[in-house]
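Numbering-wise (UniProt numbering), the sequence shown opens with residue 1 and increments by one.
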Amino acid sequence: MRVGAARAVAVGWVRERMRVDPSIEGAFFSGSTVGLPDDAVLPAWSDVDVLLVRWNPGVKVGKFVHRGVLLEVSTVTWEELGGPEDVLGSWVFAPMFRTDGVIADPSGRLAAVRERVAAGFADPVWVRARCAGVRRRIEAGLRAVAVGGSAPVAEQVLAWVFPTSLLAVWPAVAGLADPTVRRRYVRAERVLSRFGLADRYPELLDTFDGGGVGVDAARVREHLAGLAVVFDEVARLPREGFAFGADLGAAGRPVVFDGAAELIAAGRHREAMFWVLVTYARCHVVSGAVAPERERAFGAVLADLGVASAADRRRRADALLAALPGWQAVVDAVAAEAVAG
């Protein structure tokens with residue numbers, strides 16, 4: 001399906017939803033389809049992300065198929081979104097408004113945000129502000145990585161991997177590229193290459209997988225096969241109350257498995273391993289106590305990445321924290337060239 005046709009389906013869903021739910025006061029596109037031309041092909045493993053705006057927090061709708069299109073629908077409040085300059089300084093929200101991705105805007109507030117962001121997106125002041133926001137998030141997350149604690153291992157892994165992976169988002173934000181979630185390492189490599197810094201990408205990827213020694217393509221395929229067993233078991237469990245619960249059902253399966261297979265086939269098995277790890281950990285968060293063989297399979301994933309113990313993860317977090325000044329220089333170089341044109 002073409003992106004334009006998929007977006008039209010999303011627009012139709014939003015309009016139908018707003019007719020029956022007056023608490024929805026606006027909506028706009030987010031995610032990987034923002035900025036894509038209408039005639040671009042939407043892969044089967046990609047979804048169309050939509051953010052609904054409300055005064056009060058709402059329950060995340062999550063992933064579901066509507067008229068043949070996989071939609072990912074979340075909610076943001078006006079307070080979380082903020083005013084035009086709040087959005088302009090946000091590395092999360094600003095990319096969503098650099099093009100005309102507003103779906104519904106009865107009050108006109110989203111149009112005002114869109115106008116301000118479009119005008120100032122490449123202003124060096126705001127680029128630096130967004131980059132600084134990414135760094136703060138990385139530092140806060142890595143400093144919180146615990147050596148011990150009572151949290152389940154899967155939750156500890158997620159608390160380590162997401163701030164670690166934000167290192168890939170940082171140069172993308174500096175390069176005025178739209179950051180993505182699942183394919184953030186691929187996006188980082190493209191940005192670094194575009195600005196003549198391709199030689200830094202292997203070092204960036206190493207911060208996630210320790211150099212990739214334990215995750216060659218064959219091994220990643222093995223882990224993907226093991227994940228499929230756990231995923232299908234979790235898909236049959238109640239997942240209400242988990243922010244990512246809808247991602248672990250039938251609708252989210254192609255995103256994980258077809259998406260990973262596509263990356264592996266393209267020679268990007270190390271990049272594919274990021275979402276394999278995230279999904280494995282999320283499955284274990286939902287399932288709680290699992291059979292010993294499932295624990296062993298997850299443990300093998302962690303061992304291959306060099307983060308089997310809390311001490312391992314703490315050492316990796318400390319190493320990345322120490323390396324951030326060097327990465328700041330890379331980000332500054334990308335930003336300087338990006339805003340220059």
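A virtual CB, placed ideally from N, CA and C, is assigned to each residue, including glycine.
- Around the beta carbon of D47, 16 or more other beta carbons lie within 10 angstroms, which makes this residue buried.
- When the Cα atoms are used, A329 and A172 turn out to be separated by approximately 14 Å.
- Distances from the CA of A336 to each of A140, W91, L176 were compared; the closest alpha carbon is that of L176.
- Going by DSSP, V147 is part of no beta strand (DSSP E) at all; its letter is neither H nor E.
- If only uninterrupted alpha helix (DSSP H) runs of at least 4 residues are considered, none is enclosed by the stretch 32-66.
- By DSSP's assignment, E72 forms a beta bridge with D49, K63.
- With the rule of 3 Cβ pairs closer than 8 Å, the stretch 257-269 counts as touching the stretch 217-236.
- In the three-state reduction of the DSSP assignment, R282 falls in the helix class, which pools H, G and I.
- The closest CA to that of V113, considering only L88, A129, P124, is found on L88.
- Counted as a single uninterrupted DSSP element, the stretch harbouring F28 is not any alpha helix (DSSP H) but the beta strand (DSSP E) occupying residues 26-30.
- The closest CA to that of R7, considering only T33, L51, A272, is found on T33.
- Shown here for A122: same chain residues with a beta carbon closer than 8 Å to its own, the five before and five after excluded, namely L176, A338, V339 in chain order.
- Less than 7 Å separates the beta-carbon of R270 from that of G212.
- In this structure, G288 and G210 do not form a Cβ contact; the two beta carbons are roughly 28 Å apart against a cut-off of 8 Å.
- Between A251 and K60, the gap from beta carbon to beta carbon reaches 7 Å or more.
- Burial check for P95: the Cβ neighbour count within 10 Å reaches 16 or more, so the residue is buried.
- Around the Cβ of A317, a 10 Å sphere holds 16 or more other Cβ atoms; the residue is buried.
- Taking one beta carbon from each stretch, the stretch 279-286 and the stretch 232-248 have 3 or more pairs nearer than 8 Å; the two touch.
- Looking at R116, V256, R200, the one whose alpha-carbon comes closest to that of G226 is V256.
- A check of alpha carbon separations from V331 across L166, R239, F298 identifies L166 as the nearest.
- Closest in alpha carbon position to D216, among A272, V41, Y201, is A272.
- Ranked by Cα distance from R184, the first of A40, T164, V11 is T164.
- Non-local C-beta neighbours of A111 in its own chain, meaning closer than 6 Å and more than five positions away in sequence, comprise D105, ordered along the chain.
- Measuring C-alpha to C-alpha distances from F97 to each of L324, E25, V181, F29 identifies F29 as the nearest.
- Contact between V134 and R67 is ruled out by a C-beta separation of about 36 Å, above the 8 Å threshold.
- In this structure, the beta-carbon distance from I103 to V3 does not fall below 7 Å.
- Just so you know, the alpha carbons of A27 and W78 end up roughly 11 Å apart.
- In chain order, P84 place their CB closer than 8 Å to the CB of E115, counting only its own chain and leaving out the 5 sequence neighbours on each side.
- Secondary-structure assignment with DSSP links R2 through a beta bridge to V41.
- Secondary structure remark: continuous alpha helix (DSSP H) runs of at least 4 residues inside the stretch 146-213, in chain order: 153-174, 184-194, 201-209.
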